[in-house]
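Asks:
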Amino acid sequence: MTHVRGTAIEAVALVKRYGEVTALDGLSFTVPAGTVFGLLGPNGAGKSTTIKILTTLSTPTSGAATVAGIDVLAHPNAVRRAIGVVTQGSGTDRQATGRENLLLAAHIHGMRGRAATARVDELLELFDLTGAAKRLVKAYSGGMQRKLDVAMGLVHRPSVLFLDEPTTGLDPQARSEMWAEIARLATQERLTILLTTHYLEEADHLADHLVIVDRGRLVAQGSPEELKSELRGDAVVVELAPDASVDSARTAVEAMAREVTVTGRTIRARVDNGASAVPAVLAELERAAVAVAAVTVARPALDDVYLRHTGRTFAAASASASGSGSEEVAVA
Amino acid sequence: MTTLTPHTGYLTGRLLMATLRQPAFVVIMLIQPMIWLLLFGQLFKRIVELPGFATGSYIDFLTPGVVVMTVLFTSGWAGMAFIDDMDRGVMDRMLASPASRGAMMLASVLNQAVTVVVQGVIVVLVGLALGAEFPGGIAGILVMFLASVLLAAAFSCLSNGMALIVRTSESLIGFSTMLTLPLSFLSSAMIAREAAPEWIQTVSSYNPVDWTVVASREALSADPDWGAVLLRLAGLFVVAVVTGFIATRAFRAYQKSL
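Here the protein sequences line up with chains H and U, keeping their order.
For the first sequence, position 317 (counting from the first letter as 1) is numbered 317 according to full-length UniProt numbering, and the numbering increases by one without interruption.
For the second sequence, position 185 (counting from the first letter as 1) is numbered 185 according to full-length UniProt numbering, and the numbering increases by one without interruption.
#1: Give a yes or no on whether the C-beta atoms belonging to Leu186/U and Val214/U are separated by under 9 Å.
#2: Compare the C-beta of Leu104/H against all C-beta atoms of chain U and say whether one is closer than 9 Å.
#3: Please determine, among Ala107/U, Met29/U, Pro64/U and Tyr206/U, the residue with the shortest C-alpha to C-alpha distance to Val124/U.
#4: I need the boundaries of the alpha helix (DSSP H) containing Ser48/H, first residue and last residue.
#5: Measure the CB-CB distance between Ile83/H and Ala99/U and report whether it falls below 9 Å.
#6: Return no unless some Cβ of chain U is closer than 9 Å to the Cβ of residue 334/H.
#7: Tell me which residues share the same chain as Ile70/H and place their Cβ nearer than 7 Å to its Cβ, disregarding the 5 neighbours each side in the sequence.
#8: Quick check on Leu103/H: does DSSP put it in helix, strand or coil?
#9: Contact check, Thr61/H vs Asp214/H under 8 Å by CB: the rounded distance?
#10: In the DSSP assignment, find the beta strand (DSSP E) that holds Gln221/H and state where it starts and stops.
#11: What residue range does the alpha helix (DSSP H) around Pro182/U cover?
#12: When DSSP labels each residue in this structure, what does Pro32/H get in the three-state scheme?
#13: Taking 9 Å as the CB-CB cut-off, is Asn77/H touching chain U?
#14: Between which two residues does the alpha helix (DSSP H) containing Ile200/U stretch?
#15: For Met144/H, which of Leu227/H, Thr167/H and Thr59/H has the nearest alpha-carbon?
#16: Verify whether the separation of the beta carbon atoms of Gly244/U and Leu146/U is less than 9 Å.
#17: Whole angstroms are fine: how far does the CA of Phe175/U sit from the CA of Trp77/U?
#18: Does the region 83-97 of chain H touch the region 150-161 of chain H, meaning 3 or more C-beta pairs lie closer than 8 Å?
#19: Once the 5 residues before and after Gly264/H are set aside, which same chain residues still bring their CB inside 7 Å of it?
#20: Could I get the ranges of all uninterrupted alpha helix (DSSP H) runs contained in the region 53-81 of chain U, with 4 residues as the minimum, in chain order?
#21: What three-state label does DSSP hand Ala132/U in the structure shown?
#22: To which residues of the same chain is Thr22/H closer than 7 Å at the C-beta, ignoring the five residues directly before and after it?
#23: Assign Ser276/H to one of three DSSP states: helix, strand, or coil.
#24: Classify Arg135/H as helix, strand or coil using the three-state DSSP reduction.
#25: DSSP state of Leu161/H, grouped into three classes?
#26: With DSSP run on the structure shown, which of helix, strand or coil describes Gly98/H?
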């Protein structure tokens with residue numbers, strides 16, 4: 001949207017400590033108005049903590065932030081009126097109907113009478129929930145609940161919408177529906193959307209700009225295309241057969257490619273042109289008598305960006321963080 | 001502050017609807033005080049023969065006691081709804097919205113007040129059916145309900161405040177259980193003040209639960225000492241306002257931990 005200008009969110013040197021644990025370690029970023037901005041990182045990276053600070057739920061140990069031009073520390077109530085928040089998990093009352101949930105949200109935001117009911121009906125229609133409007137939320141599917149969550153965040157027509165892990169726990173069908181919904185909101189409703197995700201493909205698919213966060217720090221930022229084009233060439237991934245020697249395989253691949261990393265029996269490397277490099281790599285491996293189970297070539301993906309900036313694969317980071325995630329403690 | 005009244009209305013409506021949608025809970029809530037009145041009424045029937053009891057019928061004496069104990073056992077659990085909201089993400093959504101914190105607390109209090117009055121009516125009706133007599137009449141019964149609502153306000157705020165601090169149902173159950181029984185027995189809910197040991201008499205005169213029982217029983221008597229009733233109602237009002245204020249501050253403690 002070319003006519004939307006300015007800055008929707010600005011975070012400056014946010015630090016958040018919980019006792020000994022540092023969840024955010026000087027995180028700064030700027031979100032241009034009218035864009036979808038992705039905050040990408042493994043569990044425990046500090047994404048939820050960032051959202052909590054920007055939505056006035058939590059206060060930073062140090063640093064500053066503005067949302068919709070309003071200082072979150074000085075005027076939290078003004079921020080609350082300007083933003084829509086979809087928290088991790090859910091925020092709906094299971095003992096109430098979808099319609100009652102939306103009406104309560106409208107009433108809390110000061111909407112009254114016909115204005116409130118008209119807006120609620122409009123959102124039910126928009127999110128394809130009209131048929132389920134009078135059912136209790138506890139009877140909703142996960143995808144329906146999540147749609148209701150997003151609808152509740154939009155009741156008062158906020159200028160900035162926060163989506164904390166909007167598709168976590170959804171089945172693939174519901175996830176792709178949610179992606180379509182978010183993309184539609186961004187183009188048609190002129191919203192600024194800040195979304196956190198630990199799905200690389202989600203950030204790649206939805207975000208105009210993104211920052212990659214790791215251990216409370218920013219490790220990279222830009223558009224998904226910019227980040228990927230920083231990586232010259234294609235990724236080659238070699239899966240070794242069970243009895244192959246990892247060390248000789250590594251030496252062989254290093255002779256033909258750069259940025260070689262080994263995880264278990266998987267070797268990742270970077271080459272200028274995947275299609276022509278694969279035969280050469282395979283020939284070199286054969287010469288070294290290394291048995292290969294599979295070879296894949298891929299255009300650069302965000303996973304490679306993450307690997308390059310943090311030195312570990314995204315999956316490995318997510319797995320190691322899930323047991324000790326500092327921010328997830330508060331979320332329970 | 002302009003949002004306090006409308007928000008309280010909407011949020012109270014939400015809580016009352018949620019209660020009505022759980023019929024099993026409603027039935028238990030209504031039956032429990034009946035059981036107490038029938039059970040304790042039988043068990044302690046001859047207790048009135050002890051010196052210190054002014055009345056000859058234990059049911060007359062016990063009915064206001066059971067009304068007040070019901071208040072404790074009902075509003076002591078008020079915070080469970082807060083914990084449910086925390087677990088569901090509703091609390092975070094509310095706190096990140098312009099919802100008035102005071103209204104969130106007040107809505108819980110009003111929900112408890114409605115529950116407690118309904119339970120009180122049941123207890124009074126069962127008491128009457130068992131032959132209880134309340135010379136103070138309708139006025140006396142209304143004063144008992146007013147005192148009960150004030151105590152319910154104080155207790156539900158206490159429970160909500162604890163919920164915001166401890167944040168787990170296990171801890172809140174422990175806290176509530178630890179508080180309700182001793183506070184009941186350190187009052188004249190079941191036994192006449194004069195029949196209790198002296199130290200309990202002393203402690204109970206500082207116990208808001210006892211103020212509620214005394215105000216209720218006095219108002220239900222043939223010739224109430226209205227000065228004594230008003231003094232205790234005023235005391236209960238102050239306790240309710242102070243706990244309400246402190247509990248509303250506990251939202252900050254909760255947010256600090258996020």
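Yeah, the Cβ is synthetic: ideal placement off N, Cα and C, and Gly gets one too.
Replies: Let's see:
#1: Stepping through the second sequence from its first residue, residue 186/U is reached at position 186. Stepping through the second sequence from its first residue, residue 214/U is reached at position 214. In this structure, Val214/U does not lie closer than 9 Å to Leu186/U by Cβ.
#2: What you label residue 104/H is simply residue 104 of the first sequence in a count that begins at 1. By this cut-off, Leu104/H is an interface position.
#3: If you number the second sequence from 1, residue 124/U lands on position 124. Of Ala107/U, Met29/U, Pro64/U and Tyr206/U, the residue nearest in Cα terms is Pro64/U.
#4: For the purposes of this step, residue 48/H is taken as the residue at position 48 of the first sequence. The continuous alpha helix (DSSP H) containing Ser48/H extends over residues Lys47 to Leu54.
#5: Residue mapping note: residue 83/H aligns to position 83 of the first sequence, counting from 1. Residue mapping note: residue 99/U aligns to position 99 of the second sequence, counting from 1. Remark: C-beta atoms of Ile83/H and Ala99/U do not approach each other more closely than 9 Å.
#6: Lying before the first or after the last residue shown, residue 334/H is absent from chain H, which here runs from 1 to 332.
#7: For the purposes of this step, residue 70/H is taken as the residue at position 70 of the first sequence. Take Ile70/H, set aside five residues on each side of it, and the residues of its chain with a beta-carbon closer than 7 Å to its own are Ala78, Val79 and Ala82, in chain order.
#8: As a position in the first sequence, residue 103/H is number 103, starting the count at 1. If DSSP states are grouped into helix, strand and coil, Leu103/H belongs with the helices.
#9: Counting from one through the first sequence, the residue named residue 61/H turns up at place 61. Counting from one through the first sequence, the residue named residue 214/H turns up at place 214. Not confirmed; about 19 Å, so no contact.
#10: Position 221 of the first sequence, counting from 1, holds the residue named residue 221/H. That run of the beta strand (DSSP E) goes Arg217 to Gly222.
#11: Walking along the second sequence from the start, residue 182/U turns up at place 182. Element bounds for Pro182/U: Ser169 to Phe185.
#12: Looking up residue 32/H in the first sequence gives position 32. For Pro32/H, the secondary structure class from DSSP, reduced to helix, strand or coil, is strand.
#13: Here residue 77/H refers to the residue found at position 77 when the first sequence is read from its first residue. Cβ-Cβ to chain U under 9 Å: yes for Asn77/H.
#14: Position 200 of the second sequence, counted from the start, is the residue given in the question as residue 200/U. Taken as a continuous stretch (DSSP letters only), the alpha helix (DSSP H) holding Ile200/U covers Glu198 to Ser204.
#15: Position 144 of the first sequence, counting from 1, holds the residue named residue 144/H. Answer by Cα proximity: Thr167/H.
#16: Reading the second sequence from its first residue, position 244 is the one you call residue 244/U. Reading the second sequence from its first residue, position 146 is the one you call residue 146/U. Cβ atoms of Gly244/U and Leu146/U: not closer than 9 Å.
#17: Stepping through the second sequence from its first residue, residue 77/U is reached at position 77. Stepping through the second sequence from its first residue, residue 175/U is reached at position 175. Straight-line Cα distance between these residues: approximately 10 Å.
#18: yes
#19: As a working note, residue 264/H is residue 264 in the first sequence. Cβ within range, chain order: n/a, list empty.
#20: 58-75
#21: The sequence position of residue 132/U within the second sequence is 132, counting from 1. Ala132/U: coil per DSSP, three-state reduction.
#22: Stepping through the first sequence from its first residue, residue 22/H is reached at position 22. Excluding sequence neighbours, Thr22/H sits near Gly216.
#23: As a position in the first sequence, residue 276/H is number 276, starting the count at 1. Helix at Ser276/H.
#24: By 1-based counting over the first sequence, the position of residue 135/H is 135. Three-state result, Arg135/H: coil.
#25: In the first sequence, residue 161/H corresponds to position 161, counting from 1. Three-state result, Leu161/H: strand.
#26: Along the first sequence, one-based indexing puts residue 98/H at 98. Gly98/H falls in the helix class under three-state DSSP.
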